[in-house]
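Q:
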Amino acid sequence: MWHMLGDDCCSDFSNNFIKNIKSVIPNAYVYSVKVGITPAGDRINGYFGNSKIQVDLICQQLKSNPALANGYNGLGFSQGGLLMRALLQRCPYPKMNSLVTFGSPHAGVSSPPCKDALGSFCNSVSKSINSGVYKPLIQNAIVPAQYYKDPKNINEYLKKSILLPDINNEIKDYVNRIKQLKKFVMVKFSQEQIVKPALSTVRYISNSDIIALLNTMSIPLKIHEGPY
38 MWHMLGDDCC
48 SDFSNNFIKN
58 IKSVIPNAYV
68 YSVKVGITPA
78 GDRINGYFGN
88 SKIQVDLICQ
98 QLKSNPALAN
108 GYNGLGFSQG
118 GLLMRALLQR
128 CPYPKMNSLV
138 TFGSPHAGVS
148 SPPCKDALGS
158 FCNSVSKSIN
168 SGVYKPLIQN
178 AIVPAQYYKD
188 PKNINEYLKK
198 SILLPDINNE
208 IKDYVNRIKQ
218 LKKFVMVKFS
228 QEQIVKPALS
238 TVRYISNSDI
248 IALLNTMSIP
258 LKIHEGPY
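If you read the sequence shown in this note's numbering, its first letter stands for residue 38, the second for the next number, and so on.
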């Protein structure tokens, strides 16, 4: 399970969601990923760092966890869902069997995914994105900048964004790893306020080739729109 931006592995929300899972599946093993040594560090790393390095770090954690050796089901919230999909595509072992994402920006965002209620870190992220989102320094240091897709500057996005063009590209290995899923559920909130455009939560990108790929995938693809 990968938490949302502004949250951490061990917050009340994360722990309560794990409790809800275990109330339905009593013997379920739930691993809540943590990027960093402490929950506080994990929360900060949701804003700052290189997302590819973070995904590779979590990959190593999962590889060393014997409870996941036979595969697992991925679950992610908002930014965490996008990173969980990146994990699927960049980390073939252990095998991810199913993936469920809640309000995740699979097609990127066209405005900073931050609201004042999320605190000073988010405000810093918004200012950094607005100052030059595709500058190398920003791309390698600000996680939300790495899935920011400027509709007025697509060429620069394709050349300089370090995450989204990679995991949304038609790279054969990545496509095959998505197709190996038994289920891929994308949940869109009916009153989405953070991810813009909101349809990003249930689509990869507006590129017709990727949409065609989604429409011909052999796995069950479920799109749910409504209250959580």
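Glycine included, every Cβ here is placed at the ideal spot set by N, Cα and C. Here the structure is a predicted model, which is why all the values come from computation and not from measurement.
Which residue marks the beginning of the alpha helix (DSSP H) containing Phe50, and which one marks its end?
A: Phe50 -> alpha helix (DSSP H) spans Asp49 to Val61.
Q: Using the beta-carbon count (16 or more within 10 Å), is Leu174 buried or exposed?
A: Flag for Leu174 reads exposed.
Q: Tell me which same chain residues have a C-beta within less than 6 Å of the C-beta of Trp39, skipping the five on either side of it?
A: These residues qualify, in order along the chain: Val70, Gly113, Gly117, Leu120 and Met121.
Q: Would you give the residue range spanned by the beta strand (DSSP E) that Leu119 belongs to?
A: It is not in any beta strand (DSSP E) - Leu119 instead sits in the alpha helix (DSSP H) that spans Gln116 to Arg127.
Q: For Gly145, count the other beta carbons within 10 Å of its own beta carbon; 16 or more makes it buried, fewer makes it exposed. Which is it?
A: Gly145 comes out buried.
Q: Look at the alpha carbon of Glu229 and the alpha carbon of Pro63, and state the distance between them as a whole number of angstroms.
A: Straight-line Cα distance between these residues: approximately 31 Å.
Q: Quick one: complete alpha helix (DSSP H) runs, 4+ long, within the region 191-221?
A: Listed in chain order, they are 191-197, 201-204 and 209-216.
Q: Grab me the residues of Cys47's own chain with a C-beta within less than 6 Å of its C-beta, minus the 5 sequence neighbours each way, in chain order.
A: Around Cys47: Pro76.
Q: Where does the unbroken beta strand (DSSP E) through Val137 begin, and where does it stop?
A: Where Val137 is concerned, the enclosing beta strand (DSSP E) stretches over Met133 to Phe139.
Q: Touch check for the region 127-146 and the region 97-107: three-plus C-beta pairs under 8 Å?
A: Flag = yes, the region 127-146 and the region 97-107 touch.
Q: Among the residues of its own chain, which have a CB less than 8 Å from the CB of Val232, if the five just before and after it don't count?
A: Closer than 8 Å at Cβ, skipping near neighbours: Ser115, Gly140, Ser141, Pro142, Val146, Pro150 and Thr238.
Q: Sorted by chain position, which residues of the same chain lie with C-beta nearer than 7 Å to Phe85's C-beta, five sequence neighbours on each side aside?
A: Excluding residues within five positions, the ones whose Cβ falls inside 7 Å are Ala178, Ile179 and Val180.
Q: Does the Cβ-Cβ distance between Met223 and Thr138 come in under 7 Å?
A: Yes, Cβ-Cβ distance for Met223 and Thr138 is below 7 Å.
Q: Would you identify the three-state DSSP class for Asn110, choosing helix, strand or coil?
A: Residue state, collapsed to three classes: strand.
Q: Reducing DSSP to helix, strand and coil, say where Ile74 ends up.
A: Here Ile74 sits in coil by DSSP.
Q: Helix, strand or coil, according to DSSP, for Ala154 in the structure here?
A: Here Ala154 scores only 48 on pLDDT, less than 50, and its place in the model should not be relied on; the value that follows carries that caveat. Of the three classes helix, strand and coil, the one that applies to Ala154 here is helix, per DSSP.
Q: Can you give me the Cβ contacts of Ile199 inside the same chain, cut-off strictly under 8 Å, excluding the 5 residues immediately before and after it?
A: Asn87, Ser88, Lys89, Gln176, Asn177 and Gln183.
Q: Can you tell me whether DSSP reads Val67 as helix, strand or coil?
A: Looking at Val67 - three-state DSSP - the assignment turns out to be coil, as it is neither helix nor strand.
Q: To the nearest angstrom, report how far apart Val276 and Pro188 are at their CA atoms.
A: In this structure the chain extends from 38 to 265, so residue 276 is not present and cannot be described.
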